[in-house]
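Here is the structure we will look at, set down as structure tokens.
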Amino acid sequence: MAKKITSIEVQKNNKERFNIYLDSEFAFGISMDTLVKHHLTKGQSLTTEYIRQIESTELYYTGYQRAIRYLSFKKRSAKELKTHLSEDQLTEEDINRLVQKLTDQGYIDDEDYITSFVRTALNTTQKGPQRVKKELLNKVGQNYVEEIDRVIRDYFTDDIIHERLNHLIQKEDKPLSIPKRKHEQKVLLKLIRKGYERHSIEEVLKHFQFDEKSDVIEDKMIRDLEKKYKKVKHLPLYERKQKYMAMLMMKQYDYDKIKEILEGDLSAFEADE
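Residue numbers for the sequence shown follow my numbering, so the first one is 3 and each next one is one higher.
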């Protein structure tokens, strides 16, 4: 059953929007764009199907304005915009139309977004190229993997990666209270999490000579040996030494230091209470 437009009123708080009354009752609010597109006038009869078309048009135009506001704060990718618009009641077709329209208008440019993201990450963070790539893929999608790789190669040159790793490792270069090898492993894993590749880290790491606090390290070794002795004291001396060596090597103590202690006086840690 058709309903007649009995009144079209400008909204008090927004002169670009209008309230539509059907059969003297408020029906819905629409934008100027929707009003013009459907040539709505007082006295016009609207079928239920045509009202649905008007509402669909209004959702589209509202989505466009919402997208413009979203894009005004900072650069966004097409994927980010689609996710944002999907929170509305827009159809997938309308979302794709909006993204294409905004791309054509220059509001969306994924290639420029990728370049800007990589440049910003390089200049304002300590993230490595692999982490930057992972974050970008989440933002723009797998279709851009080749473009991302190309831009990252352009910005994260071997010299820059070496310089950044050198700076990050220098911050970890301090007297150690844990074995050197264990510290190196911790630094390696930390930098891998930051997005640097293992081979690049190891290449820079080998130029660093971390200093251990020898007295602290030795005290820790003795404490570890005391704990181990309680578990192996029933074994012959030769087998105990094998167990000690395996345990200390697993804990990444220096081999020469282990050998020195095990060839010395074992009473320092084999004394029974």
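From the three backbone atoms N, C-alpha and C, an ideal C-beta is built for every residue, glycine too.
- Shown here, tyrosine 198 sits in coil according to DSSP, grouped into three states, outside any helix or strand.
- The beta-carbon distance between tyrosine 157 and valine 120, rounded to whole angstroms, is 5 Å. This is short enough to meet the 8 Å contact definition.
- Collapsing the DSSP output to three states places threonine 8 in a strand.
- In this structure, lysine 6 lies near leucine 24, with their beta-carbon atoms less than 8 Å apart.
- Scanning the stretch 146 to 183 for uninterrupted beta strand (DSSP E) segments of 3 residues or longer gives nothing; none is fully contained.
- A straight line joining the alpha-carbon of tyrosine 240 with that of leucine 264 spans about 11 Å.
- Scanning Lys135, Thr49, Asn125 and Ile162 for the CA closest to the CA of valine 153 turns up Lys135.
- By the Cβ test, the stretch 124 to 134 is not in contact with the stretch 53 to 64, since fewer than three Cβ pairs between them sit closer than 8 Å.
- The continuous beta strand (DSSP E) containing tyrosine 23 extends over residues 19 to 24.
- Setting aside the 5 residues that flank it on each side, glycine 31 is surrounded in the same chain by Arg19 and Asn21, each with a C-beta closer than 6 Å to its C-beta; the list follows chain order.
- The count of Cβ pairs closer than 8 Å, one atom from the stretch 162 to 173 and one from the stretch 97 to 109, stays below three, leaving the stretches out of contact.
- Annotation: glycine 65 is outside any beta strand (DSSP E); the continuous alpha helix (DSSP H) that includes it extends over 50 to 75.
- DSSP places serine 33 inside the beta strand (DSSP E), whose first and last residues are 27 to 33.
- Collapsing the DSSP output to three states places serine 88 in coil.
- Serine 269 carries a helical assignment under DSSP once its states are collapsed to helix, strand and coil.
- A straight-line Cα-Cα distance of about 16 Å links isoleucine 162 and arginine 200.
- Where glutamine 244 is concerned, the enclosing alpha helix (DSSP H) starts and stops at 239 to 252.
- With fewer than 16 other Cβ atoms from the protein chains shown falling within 10 Å of its own Cβ, glycine 266 counts as exposed.
- One alpha carbon belongs to lysine 17, the other to tyrosine 109, and they sit about 26 Å apart.
- In this structure, the alpha-carbon of histidine 209 lies about 44 Å from that of alanine 80.
- Of Ser74, Ile150 and Ile97, the smallest CA-CA separation from threonine 85 is found for Ile97.
- By the 16-neighbour rule on beta-carbons within 10 angstroms, isoleucine 203 is buried.
- For aspartate 114, the enclosing alpha helix (DSSP H) starts and ends at 112 to 126.
- Following the DSSP letters along the chain, one finds asparagine 15 in no alpha helix (DSSP H), marked with neither H nor E.
- Cβ contact annotation for glycine 197 (same chain, cutoff 8 Å, sequence separation greater than five): Lys129, Gly130, Pro131, Gln132, Arg133, Val134, Lys135 and Lys136, in chain order.
- Looking at Ile150, Ala29 and Ile10, the one whose alpha-carbon comes closest to that of leucine 37 is Ile10.
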